[in-house]
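Numbering (the numbering used here), first residue to last: 553 to 707.
The beta-carbon is built from N, C-alpha and C at its ideal position, and this holds for glycine as well.
Reviewing the structure listed below.
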């Protein structure tokens with residue numbers, strides 16, 4: 553808390569090495585989920601004082617990170633793409649300013665193939681394509697939101 557990035561990393565490395573070296577268990581509480589992912593073998597997600605789930609960072613991503621995000625930067629303006637891609641199903645497409653579109657989907661492989669086909673058929677050049685991995689903060693927000701929704705249904 554309140555450390556510069558170098559000191560923060562040194563502290564995390566120190567803790568990680570001591571835990572491994574001495575076979576220790578530590579309880580590390582944080583809202584900085586990148587720290588938790590770096591340092592912890594298992595993470596407990598707590599909402600309203602109740603543990604909702606405990607698992608490794610990778611397993612949490614597998615279980616709760618089903619939606620994938622893909623960014624595509626094209627050679628033309630995104631305004632021309634809106635009508636071309638309006639009928640693509642099973643996804644949410646954001647048409648960012650400039651020439652970048654962001655796709656959110658739980659069936660990203662199928663959706664991406666459809667979009668690439670449309671772009672190719674319309675001679676639209678792809679300058680860059682990147683898959684953005686789901687991070688623990690997004691997963692935390694999803695788990696807590698789902699937990700709150702189920703609490704509201706049972707109330």
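Subject >> Buried or exposed (CB count within 10 angstroms, at least 16 for buried), residue 572 >> reply: By the Cβ-count criterion, residue 572 is exposed, with fewer than 16 other Cβ atoms from all chains shown falling within 10 Å of its own Cβ.
Please classify residue 657: is it buried, with 16 or more other beta-carbons within 10 angstroms of its beta-carbon, or exposed?
-> Residue 657 should be labelled buried.
Among the candidates 584, 577, 647 and 608, whose CA atom is the shortest distance from the CA of residue 561? Minimum Cα distance to residue 561 is reached at 584.
Answer yes or no: do residue 620 and residue 683 have a C-beta to C-beta separation smaller than 8 Å? Result yes, Cβ atoms of residue 620 and residue 683 sit closer than 8 Å.
To the nearest angstrom, how far is the alpha carbon of residue 700 from that of residue 690? Cα atoms of residue 700 and residue 690: separation of roughly 15 Å, rounded to the nearest angstrom.
Q: Go through its chain and collect everything with a Cβ distance to residue 679's Cβ below 8 Å, but skip five positions before and after it.
A: Residues of the same chain with a CB within less than 8 Å of the CB of residue 679, apart from the 5 flanking positions on each side, are 625, 626, 627 and 651 in chain order.
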